[in-house]
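2 protein chains.
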Amino acid sequence: MAGTYSYKIEPRDIDVTRRVRVSTMGELILQAANDDADNLGFGVRDLNLSNASWVLSRLAIEMRRLPQRHEQIDIYTWVSDYGRLVTTRNMTVSDASGAEIGAVVTQWAMIDLETRRPRDLSALSSKGTSLVDREPPIERPAKVGSCSGEERPYEVVYSDIDFNGHVGSMKYVEWMIDTLPVETLSSAENFRLDINYLHEAKLGEKLVICQGEEMALRGRYHFDIRNGDISMCRAKVEMGR
Amino acid sequence: MAGTYSYKIEPRDIDVTRRVRVSTMGELILQAANDDADNLGFGVRDLNLSNASWVLSRLAIEMRRLPQRHEQIDIYTWVSDYGRLVTTRNMTVSDASGAEIGAVVTQWAMIDLETRRPRDLSALSSKGTSLVDREPPIERPAKVGSCSGEERPYEVVYSDIDFNGHVGSMKYVEWMIDTLPVETLSSAENFRLDINYLHEAKLGEKLVICQGEEMALRGRYHFDIRNGDISMCRAKVEMGR
Numbered sequence: 003m004a005g006t007y008s009y010k011i012e013p014r015d016i017d018v019t020r021r022v023r024v025s026t027m028g029e030l031i032l033q034a035a036n037d038d039a040d041n042l043g044f045g046v047r048d049l050n051l052s053n054a055s056w057v058l059s060r061l062a063i064e065m066r067r068l069p070q071r072h073e074q075i076d077i078y079t080w081v082s083d084y085g086r087l088v089t090t091r092n093m094t095v096s097d098a099s100g101a102e103i104g105a106v107v108t109q110w111a112m113i114d115l116e117t118r119r120p121r122d123l124s125a126l127s128s129k130g131t132s133l134v135d136r137e138p139p140i141e142r143p144a145k146v147g148s149c150s151g152e153e154r155p156y157e158v159v160y161s162d163i164d165f166n167g168h169v170g171s172m173k174y175v176e177w178m179i180d181t182l183p184v185e186t187l188s189s190a191e192n193f194r195l196d197i198n199y200l201h202e203a204k205l206g207e208k209l210v211i212c213q214g215e216e217m218a219l220r221g222r223y224h225f226d227i228r229n230g231d232i233s234m235c236r237a238k239v240e241m242g243r
Numbered sequence: 003m004a005g006t007y008s009y010k011i012e013p014r015d016i017d018v019t020r021r022v023r024v025s026t027m028g029e030l031i032l033q034a035a036n037d038d039a040d041n042l043g044f045g046v047r048d049l050n051l052s053n054a055s056w057v058l059s060r061l062a063i064e065m066r067r068l069p070q071r072h073e074q075i076d077i078y079t080w081v082s083d084y085g086r087l088v089t090t091r092n093m094t095v096s097d098a099s100g101a102e103i104g105a106v107v108t109q110w111a112m113i114d115l116e117t118r119r120p121r122d123l124s125a126l127s128s129k130g131t132s133l134v135d136r137e138p139p140i141e142r143p144a145k146v147g148s149c150s151g152e153e154r155p156y157e158v159v160y161s162d163i164d165f166n167g168h169v170g171s172m173k174y175v176e177w178m179i180d181t182l183p184v185e186t187l188s189s190a191e192n193f194r195l196d197i198n199y200l201h202e203a204k205l206g207e208k209l210v211i212c213q214g215e216e217m218a219l220r221g222r223y224h225f226d227i228r229n230g231d232i233s234m235c236r237a238k239v240e241m242g243r
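Taken in order, these protein sequences are the chains called Y and E.
Mapping to the numbering used here: the first sequence position 170 is 172, numbers consecutive.
Mapping to the numbering used here: the second sequence position 227 is 229, numbers consecutive.
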């Protein structure tokens, strides 16, 4: 089973180029994942009843172009596989003309809300019928290594925290993107973003946002958000024109 | 003429209490204003054709309760009056049962996009038929004075900037709210917020967020966001339980 979810790009979602922000595109992707899991009977609401929740582990987004203000996008999503610890949910993003403008692969773990430890996904085997026999549309999210480079301090505030009491998944992306020159963002026509979520940051936590230096080519960036030696979130992004 | 606009509170809109964030409630209010002006033929899109735009001058929001995740809210909005420089747009916010849970008064000026100076709203007189003979539902936004108190530095980043190239109206609210103890926010059942928008902050601008000390009563706060001696945005909020 699969589903299609439609969203309109609102004025609050866009940047000065009048295209959707990368982090907001990510929010819409997470919303589609959430809506589809709800419809299939294993969304966060259902899981909470048995004291469990989904945790995003890795995410890859490729966008050929960023949709503009007032555009409607359709996100088609399906679950292609699950192992004991991780399940893979895929998406394609289309514009009103039906053209595919983006594709996504997400990997999720299920955690126990008391212990914060992973649960065995075999418990979901009864939902096996929700699997769709269609491969991920792009390469799966890469493992991103640690990086060294310029470090900026950041202290987590209330507006960063989501309903789980942790930093929202797309806040890390905002912090990373905010370190880039605005011209880089304005001139980017397409991108691929690989994110690894490693630990959950909390309110008041003092982090450093590290932007790696090792990327020699233009338009490639590498990030690591850490508290001391512990990485919360790592990502790399490649932008094209 | 008036219109009703419906929005669903999504997971990305809520905080750890699973109720909509104050700043996100503000975004939905601005979206309703934008949608209604569009429908009446004098939205930002129409104004841009003659090189003008709306600028939010003052805003008052009273909420009796904050809607929760998955709730649908209806925002009913009407324009009650306009003078030469300022027009007043009002709103009531209802939940799915039809109960009124909030009310809003917004005041807008029209500016010339080249000079950034106000335009005479008499030019809109042909739209006089869009006025509704119904008083604002709550007291109009108060004038908020300067304040002295604890100051926190803040430098404007890319994610703060909206499609006009300036800090988004609700970003100031986020920064103010983020200075408050999270327990204050979690325990608030209702609030009134008065905001004055005075100058537009830009990317890279170095601001201070001042939280005033003079409020003796619990649950009352006073803010002033400044660059040097110039106030960008002032607000006061009163929270109740």
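Using N, Cα and C, we set each Cβ at its ideal position, and we do this for glycine too.
Taking Cβ positions, are L32/E and V22/E nearer each other than 9 Å?
-> Cβ distance not < 9 Å, so L32/E and V22/E don't count as in contact.
Residue(s) in a DSSP beta bridge with Y84/Y | Paired residue(s): T89/Y.
Taking the alpha carbon of N198/Y as the point to measure from, which residue in W110/Y, W56/Y, V184/Y has its own alpha carbon closest?
-> Checked all of W110/Y, W56/Y, V184/Y; the closest Cα to N198/Y is W110/Y.
State the DSSP-derived secondary structure class of D196/E, mapped to helix, strand or coil.
-> Here D196/E carries a strand assignment [DSSP, helix/strand/coil].
Roughly how many angstroms lie between the CA atoms of A190/E and V175/Y, to the nearest whole one?
-> Taking the straight line joining both Cα atoms gives about 30 Å.
When the Cα atoms are used, what is the spatial distance from L200/Y to C212/Y?
-> In a straight line, the C-alpha of L200/Y is about 15 Å away from that of C212/Y.
Closest Cβ-Cβ distance between A218/Y and chain E: below 9 Å?
-> Since pLDDT at A218/Y reaches only 49, below the 50 mark, its modelled position is unreliable, and no value is offered.
For K238/E, count neighbouring C-beta atoms within 10 Å of its own C-beta (all shown protein chains included) and say buried if the count is 16 or more, exposed if not.
-> Label assigned to K238/E: buried.
Taking Cβ positions, are D196/Y and A62/Y nearer each other than 9 Å?
-> In this structure, A62/Y lies closer than 9 Å to D196/Y by Cβ.
For E29/E, does the three-state DSSP call read helix, strand or coil?
-> Of the three classes helix, strand and coil, the one that applies to E29/E here is helix, per DSSP.
Reducing DSSP to helix, strand and coil, say where L68/E ends up.
-> L68/E falls in the coil class under three-state DSSP.
Does the segment 176-190 of chain E come within contact of the segment 154-162 of chain Y, defined as at least 3 CB pairs closer than 8 Å?
-> Verdict: yes, contact present.
When DSSP labels each residue in this structure, what does L182/E get in the three-state scheme?
-> Coil.
Under 8 Å by Cβ, that's how I've got I103/Y and M65/Y pegged, so tell me the actual separation to the nearest angstrom.
-> About 6 Å separates the two Cβ atoms, so the contact holds.
Stretch-stretch touch, CB-based, cutoff 8 Å, three pairs: the segment 88-108 of chain E with the segment 138-158 of chain E = Yes, the segment 88-108 of chain E is in contact with the segment 138-158 of chain E.
Go through its chain and collect everything with a Cβ distance to R14/E's Cβ below 8 Å, but skip five positions before and after it.
-> The same chain holds no residue with a CB closer than 8 Å to that of R14/E once the five nearest residues on each side in sequence are set aside.
Inter-residue CB distance, L115/E and N53/E (contact presumed, cutoff 8 Å) = Correct: roughly 5 Å between the Cβ atoms.
CA-to-CA distance, E202/E to L42/E, given in whole angstroms = Going by the C-alpha atoms only, they are around 27 Å apart.
To the nearest whole angstrom, what separates the beta carbons of R20/E and R71/E, a pair I think is in contact under 8 Å?
-> With a contact defined as Cβ atoms closer than 8 Å, R20/E and R71/E qualify at about 5 Å.
Of all Cβ atoms in chain Y, is any one closer than 9 Å to the Cβ of Y174/E?
-> Y174/E does not count as touching chain Y.
Taking only runs that begin and end inside the segment 105-180 of chain E, name each unbroken alpha helix (DSSP H) of 4 or more residues, in chain order.
-> Within the segment 105-180 of chain E, the complete alpha helix (DSSP H) segments of 4 residues or longer fall at 171-179, listed in chain order.
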